[in-house]
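Asker:
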Amino acid sequence: MPSGCSEACPQVNHFPPTDGSGLILKQSKAGLSLNISDSCPSMCKCAPEEVIHCNRAGLRALPGEIAASTVSLNLSNNYLRILTTNTFRNLTFLHSLWLDGNNLTFLSPGTFHALSKLRELDLSRNSRLTYLHANTFRGLLNLISLDLSHCNIFEIHPLLFSHLPSLERLNLASNNMRYVPQAFSNLSSLTRLSLESNHIERSSTSGVPVTDSVCWCLCEHVVASYNWCTDCFAVRIQDSVGGVGTNIPK
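Listed below in structure tokens is the structure:
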């Protein structure tokens, strides 16, 4: 077992923010008092550091008044359905983007192409999102944290993450995947991976990369990550019949 990990597989819902802008946005989502500026969309609230908070605003499309200088944008819990290559093309300074809890069904290839500075992207809790095109994340060269948990993704294209050389944290928990995607082999910077509450069979776990930098726990038909681990030396496989744990050395 990696040191610092307990016997039971933890429930990992969200990864922590990766930088200051993400922390500001998380605080605003928790109810931090926000200042409304003259350039702020009428249905949103805006804070210092160009943080725009449009959570639960009943949005079906992106507000047209969002400033091009915006650094963090919270669009959580709205009714957005489709994102195209034009949706974020003028928001080139974005560091954090939250789209969780919408009705997203399709992300056009290149939707995030203009967001080369983006570091955090949350697409979780979009239950109608079942498949992602291979070029969905093209252009996100500096993305560190990606949350795709609690969707209904059943398949990952082998090249889906090939455009994410900086990705360190990936959350795919609570989807409908039945095998470990080969797409993980493209993630050279990955340190935290969450796949718990899928339908992954033990026979498919050969795709799991066993490295010094990624902590894993494979439970019965479930893969979970120890996202607080600091020393990673093994993959723990829980026998699907007898419940006997086995350590596979690096």
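For the sequence shown, the residue numbers in this note's numbering are 1081 to 1330. Glycine included, C-beta positions come from ideal geometry on N, C-alpha and C. Small disclaimer: the values here were computed from a predicted structure and weren't measured.
1) If you draw a straight line from the alpha carbon of ASN1183 to that of PHE1173, how long is it in whole angstroms?
2) Can the beta-carbon of LEU1139 be found less than 8 Å from the beta-carbon of LEU1155?
3) Quick one, which of LEU1179, HIS1237, HIS1175 and SER1149 has its alpha-carbon nearest ASN1158's?
4) In three-state DSSP terms, what is SER1265?
5) With a Cβ-Cβ cutoff of 8 Å, do ILE1224 and ARG1249 count as a contact?
6) Can you tell me whether ASN1278 is buried or exposed? The criterion is at least 16 other CB atoms within 10 Å of its CB, across all chains shown.
7) Restricting to runs no shorter than 3 residues, where is the beta strand (DSSP E) found entirely within the segment 1133–1195?
8) Ordered along the chain, which non-local residues of its own chain (more than five positions away) have a Cβ less than 6 Å from that of ASN1206?
9) For LYS1125, name the three-state secondary structure that DSSP assigns.
10) Please go through the segment 1192–1233 and give each complete beta strand (DSSP E) segment of 3 or more residues, from N-terminal end onward.
11) Can you tell which of GLY1219, ALA1214 and SER1246 has the C-alpha that lies nearest to the C-alpha of PRO1261?
12) From the DSSP secondary-structure annotation, give me the bridge partner or partners of SER1272.
13) Taking only three categories from DSSP, how would you classify VAL1260?
14) Suppose you measure from the CA of LYS1197 to the CA of PHE1234; what does that come to, to the nearest Å?
15) Can you check whether the CB of LEU1247 is closer than 8 Å to the CB of LEU1212?
16) Can you give the Cα-Cα distance for ARG1199 and GLU1281, rounded to whole angstroms?
17) Around the C-beta of ASN1166, are 16 or more other C-beta atoms found within 10 angstroms, so that it is buried, or is it exposed?
18) Under a Cβ-count criterion, where at least 16 other Cβ atoms within 10 Å of its own Cβ denotes burial, should ARG1272 be classed as buried or exposed?
19) Taking only the alpha-carbon atoms, compute the straight-line gap between PRO1245 and PHE1192 and give it to the nearest angstrom.
20) Within a Cβ cutoff of 6 Å, which residues of the same chain sit near SER1254, ignoring the five residues on either side of it in sequence?
Answerer: Considering the structure as presented:
1) The straight-line gap from Cα to Cα measures roughly 25 Å.
2) yes
3) Looking at the Cα atoms, LEU1179 is the closest of the given residues.
4) Collapsing the DSSP output to three states places SER1265 in a helix.
5) yes
6) buried
7) Counting whole runs of 3 or more residues, the segment 1133–1195 contains the beta strand (DSSP E) stretches 1152–1154 and 1176–1178.
8) ASN1182, LEU1184 and CYS1231
9) strand
10) 1200–1202 and 1225–1227
11) ALA1214
12) A small correction: the amino acid at residue 1272 is Arg; Ser does not occupy that position in the sequence shown. Partner(s): ARG1249.
13) coil
14) The straight-line gap from Cα to Cα measures roughly 29 Å.
15) no
16) 32 Å
17) exposed
18) buried
19) 15 Å
20) SER1229, HIS1230 and SER1277
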